[in-house]
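What follows is a set of notes on a single structure, which appears directly below.
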Amino acid sequence: MTAQNERKILVSFLLIFSFMMVEAIGGAVSGSLALLADAGHMLTDAIALGLAYAAFRLGRRGADAQRTFGYGRFEVIAGLVNALTLFGIVGFILYEAVTRFQDPGPILAGPMFIIAAAGMLVNLFVLRILTRGDAEHINVRGAILHVMGDLLGSVGAILAAVVIWYTGWTPIDPILSLLVSLLILRSAWSLMKQTLHILLEGAPSGLEGGKIAAHLKKAVESVQEVHHVHVWSITSGVLVATLQLRPKPGADIRLAVRQVERELKERFGVEHATVGIDWDGASTCRFQQEAPSSHHAHAH
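The sequence shown begins at 3 in the working numbering and counts up one residue at a time.
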């Protein structure tokens, strides 16, 4: 699936970058902020897609002595850069819109309409490429959010061109660019939260330590206690975990560890698990967190 994602991202990058040049020239010639804003957003799309492609290429490299988990985390950093560039472009649109309200200039509605309509078609085509197959991957999802924001930008520019053509009311141009920027802001916030959660090694949704500990105690008969559970993502969809278990007296330790590893993989999708044995209950963990119950369940 990664090779397919990589190809999708590369084709999308080439299409978006090419049309971004057309839209920037068209925005400058027609005097439309909505078109310039969309071109600016397309530039961040191109940067985001380029980063995503680089992330896929780097992510293919295996682990080495220095990076024992490989380069997969680079994809998450690319996702964060995507989000930050979206915030940057919103700031640019806001600044330009305020300037246009204070000093409106002439806008050529005809060229603006033609370029915006062509931009919408390009975005629809790119969106179709990206949404086929694995659309949940963090990099593909980031690219889809960028292109959807772009598509809305093109629709906004088309509406503005039609209004200006029929009424000559130019404030519609910065007004619609502001509405588009609010939608972009929402996408950026969602993507930034997701990437920061991975970078802060937060537990993936539904995989809290307490839940995992409770399941293992129930599913593996020879386990007496499970604690110091840490679970996090290396990159989108690649989960790792560490935990300590206290076996019941007389239990087959090797069998217990194998069963725990199998449960983690089959039930929770954990790719790599490190299982430690707590022989006397005296083991401590710097990152332990007291659970509200009388038992000590440590989850991160």
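Note that beta-carbon positions come from the ideal geometry of N, C-alpha and C, so glycine has one too.
Buried versus exposed call for residue i [16 or more other C-beta atoms within 10 Å across all chains shown]
{"i": "residue 259", "result": "buried"}
{"i": "residue 234", "result": "buried"}
{"i": "residue 44", "result": "buried"}
{"i": "residue 282", "result": "exposed"}
{"i": "residue 153", "result": "buried"}
{"i": "residue 156", "result": "buried"}
{"i": "residue 101", "result": "exposed"}
{"i": "residue 179", "result": "buried"}
{"i": "residue 300", "result": "With a pLDDT of only 39 at residue 300, under the threshold of 50, the placement of this residue in the model should not be trusted, and no figure is reported."}
{"i": "residue 66", "result": "exposed"}
{"i": "residue 255", "result": "exposed"}
{"i": "residue 128", "result": "buried"}
Boundaries (first-last residue) of the beta strand (DSSP E) holding residue i
{"i": "residue 247", "result": "240-249"}
{"i": "residue 79", "result": "Note, residue 79: premise wrong, no beta strand (DSSP E); alpha helix (DSSP H) at 75-104."}
{"i": "residue 139", "result": "Per DSSP, residue 139 belongs to no beta strand (DSSP E) and is neither H nor E."}
{"i": "residue 273", "result": "272-279"}
{"i": "residue 235", "result": "225-237"}
Own chain partners of residue i with C-beta closer than 6 Å, once the 5 adjacent residues on each side are dropped
{"i": "residue 52", "result": "15"}
{"i": "residue 295", "result": "Residue confidence is low: residue 295 scores 39 on pLDDT, short of 50, so the model does not pin down where it sits. Its coordinate-derived value is still stated next. For residue 295, where only same-chain residues beyond five positions count, there are no Cβ hits under 6 Å."}
{"i": "residue 274", "result": "242"}
{"i": "residue 224", "result": "249, 250, 253 and 258"}
{"i": "residue 194", "result": "85"}
{"i": "residue 98", "result": "35"}
{"i": "residue 292", "result": "Confidence in residue 292 is poor, its pLDDT being 48 and thus under 50, which makes the residue's placement unreliable; the coordinate value appears in the next sentence. Here the set comprises nothing."}
{"i": "residue 200", "result": "78 and 235"}
{"i": "residue 271", "result": "241"}
{"i": "residue 8", "result": "58"}
{"i": "residue 83", "result": "53"}
{"i": "residue 162", "result": "36, 174, 175 and 178"}
Straight-line Cα distance separating residue j from residue i
{"i": "residue 21", "j": "residue 60", "result": "27 Å"}
{"i": "residue 205", "j": "residue 175", "result": "44 Å"}
{"i": "residue 168", "j": "residue 27", "result": "24 Å"}
{"i": "residue 216", "j": "residue 279", "result": "17 Å"}
{"i": "residue 144", "j": "residue 104", "result": "34 Å"}
{"i": "residue 115", "j": "residue 29", "result": "11 Å"}
{"i": "residue 264", "j": "residue 212", "result": "18 Å"}
{"i": "residue 183", "j": "residue 166", "result": "20 Å"}
{"i": "residue 147", "j": "residue 140", "result": "10 Å"}
{"i": "residue 221", "j": "residue 158", "result": "55 Å"}
{"i": "residue 308", "j": "residue 134", "result": "Outside the modelled stretch of the chain, which goes from 3 to 302, sits residue 308, for which no answer is possible."}
{"i": "residue 207", "j": "residue 214", "result": "12 Å"}
{"i": "residue 197", "j": "residue 142", "result": "13 Å"}
{"i": "residue 170", "j": "residue 120", "result": "22 Å"}
{"i": "residue 69", "j": "residue 62", "result": "13 Å"}
{"i": "residue 125", "j": "residue 40", "result": "11 Å"}
{"i": "residue 149", "j": "residue 5", "result": "21 Å"}
{"i": "residue 298", "j": "residue 202", "result": "Per-residue confidence for residue 298 stands at a pLDDT of 38, beneath the threshold of 50, marking its modelled position as unreliable; no derived number is given."}
{"i": "residue 96", "j": "residue 228", "result": "52 Å"}
First through last residue of the alpha helix (DSSP H) which encompasses residue i
{"i": "residue 172", "result": "Careful: residue 172 lies outside any alpha helix (DSSP H) and carries neither H nor E."}
{"i": "residue 68", "result": "Counting along the chain, residue 68 falls outside any alpha helix (DSSP H), and DSSP gives it neither H nor E."}
{"i": "residue 117", "result": "111-133"}
{"i": "residue 205", "result": "Neither: residue 205 is in no alpha helix (DSSP H) and is coded neither H nor E."}
{"i": "residue 212", "result": "211-221"}
Rounded Cβ spacing between residue i and residue j (contact assumed at less than 8 Å)
{"i": "residue 106", "j": "residue 172", "result": "5 Å"}
{"i": "residue 262", "j": "residue 209", "result": "Going by Cβ atoms, the distance from residue 262 to residue 209 rounds to 15 Å, so no, they are not a contact pair."}
{"i": "residue 92", "j": "residue 186", "result": "5 Å"}
{"i": "residue 57", "j": "residue 76", "result": "5 Å"}
{"i": "residue 189", "j": "residue 88", "result": "6 Å"}
{"i": "residue 64", "j": "residue 74", "result": "Actually they are not in contact, since the Cβ atoms of residue 64 and residue 74 sit about 10 Å apart, beyond 8 Å."}
{"i": "residue 13", "j": "residue 131", "result": "6 Å"}
{"i": "residue 42", "j": "residue 94", "result": "6 Å"}
{"i": "residue 117", "j": "residue 37", "result": "6 Å"}
Residues of its chain near residue i, where Cβ-Cβ distance is below 8 Å and the 5 sequence neighbours each way are ignored
{"i": "residue 108", "result": "33 and 172"}
{"i": "residue 122", "result": "153, 156, 157 and 160"}
Neighbourhood of residue i by C-beta distance below 7 Å, restricted to the same chain and skipping five residues each side
{"i": "residue 277", "result": "245, 247, 259, 262 and 263"}
{"i": "residue 226", "result": "248, 249 and 250"}
{"i": "residue 266", "result": "243, 272 and 275"}
{"i": "residue 48", "result": "15, 18, 19 and 22"}
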